[in-house]
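First up is the structure itself, then whatever we jot down about it.
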Amino acid sequence: MGRHNGHSSTFSSRWALIGLVIAVFFFYLSGDHTSLAQIEGKHSTNTVTSTESEQRPVSPFSTHQPSLEETMFSFFQMHPDPGVREEVPRLIRSFQMRTNWNTTGGAATFMRYPNPKHGGEVVSVLTMSRDLFEEKNRARGQMVVYHEYQHYLQWRSGTIPEEAFLYVPWPDEDLPRICKEKWYAEVEAYQKECEFGRQGGLLGQLDPHEGLAHICAAAQVQFASTLKRILPLGDPSAKVCASTWNTI
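Below, the structure written as structure tokens:
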């Protein structure tokens, strides 16, 4: 309402700057910013781990930008599936599941990682792309995260052996057996993911040219062959298993 004189503008700018400095200070003061590279004992250039952070004070002179953690938990809170909506946030907050941000891909992965810092204790890690949280990708994000939650349930129930989810080099002699376990895990997870998307009206919101849309659009008799063709295009572990999968 009306004009602001120069003194008032300078005063507001100074307080906005002070508020920004305070917000940055609290960002680095709160949360666990340990990287997955520290969990693995290796260097990594493409990932950064994030956990739940404390509520940060917001400067009255600046617009609050949600942190990645806040965006993630908001995404979970609005997810249609009660398991993803309720259990996954609880697992993350209780550190039973770690989160890891994939800065190069557009998907998500549930894996089990040996932690050398804790005597080889194996931890559950959910790796996700920031892109999944964007509004334009909401349908795909909800389906992809639901898929990885199915892998968590497979591991927890023991229906799929843990070795299929372990982030370790696979011995050549064990590769055919582990690849078969991974295949059964993927078939079940994709079938449930596609049904989830179908019931929720999400399939029509997918990019018709992407692999997930093709997999879910495949007729039942073509589902397995479509999955075998598309999965190795974006999943490095699927490339390793491609020859074994073609024998199933």
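Add 1 to the 1-based position in the sequence shown for the working numbering, that's all there is to it.
Just so it is clear, CB atoms sit at the ideal spot from N, CA and C, and this is done for glycine as well.
- Just measuring C-alpha positions, the residue of 183, 193, 196 sitting nearest residue 246 is 183.
- An exposed status is given to residue 210, since fewer than 16 other beta-carbon atoms sit within 10 Å of its beta-carbon.
- Counting along the chain, the unbroken alpha helix (DSSP H) around residue 73 starts and ends at 69-78.
- Considering only 206, 193, 161, the residue with the shortest C-alpha distance to residue 178 is 161.
- DSSP places residue 95 outside any beta strand (DSSP E), giving it a letter other than H or E.
- Here the C-alpha atom of residue 121 lies approximately 11 Å from the C-alpha atom of residue 113.
- Within the region 201-233, the complete alpha helix (DSSP H) runs of at least 4 residues fall at 212-218.
- Annotation for residue 134: 72, 73, 76, 142 place their beta carbon closer than 7 Å to its own, counting only its chain and skipping 5 residues before and after.
- Rounded to whole angstroms, the Cβ separation of residue 191 and residue 228 is 6 Å, and the two are in contact under 8 Å.
- For residue 124, the uninterrupted beta strand (DSSP E) run begins and ends at 122-130, by DSSP.
- Taking residue 234 as the centre and dropping the five residues before and after it, the same chain places the C-beta of 212 closer than 8 Å to its C-beta, in chain order.
- Counting only unbroken stretches of 4 or more residues, the alpha helix (DSSP H) elements lying wholly within the region 175-204 are 176-200, in sequence order.
- Within a 10 Å sphere around the beta-carbon of residue 169 sit fewer than 16 other beta-carbons, which makes this residue exposed.
- In the displayed model, residue 237 falls within a helix according to three-state DSSP.
- When beta bridges are read from the DSSP output, residue 110 appears opposite 128.
- With a contact defined as Cβ atoms closer than 8 Å, residue 201 and residue 81 qualify at about 5 Å.
- When only Cα atoms are considered, residue 149 and residue 83 end up about 14 Å apart.
- Counting along the chain, the unbroken alpha helix (DSSP H) around residue 146 starts and ends at 139-158.
- For residue 83, the secondary structure class from DSSP, reduced to helix, strand or coil, is helix.
- DSSP, reduced to helix, strand and coil, places residue 117 within a helical segment of the structure shown.
- Assigned with DSSP and collapsed to three states, residue 171 falls in coil, not helix or strand.
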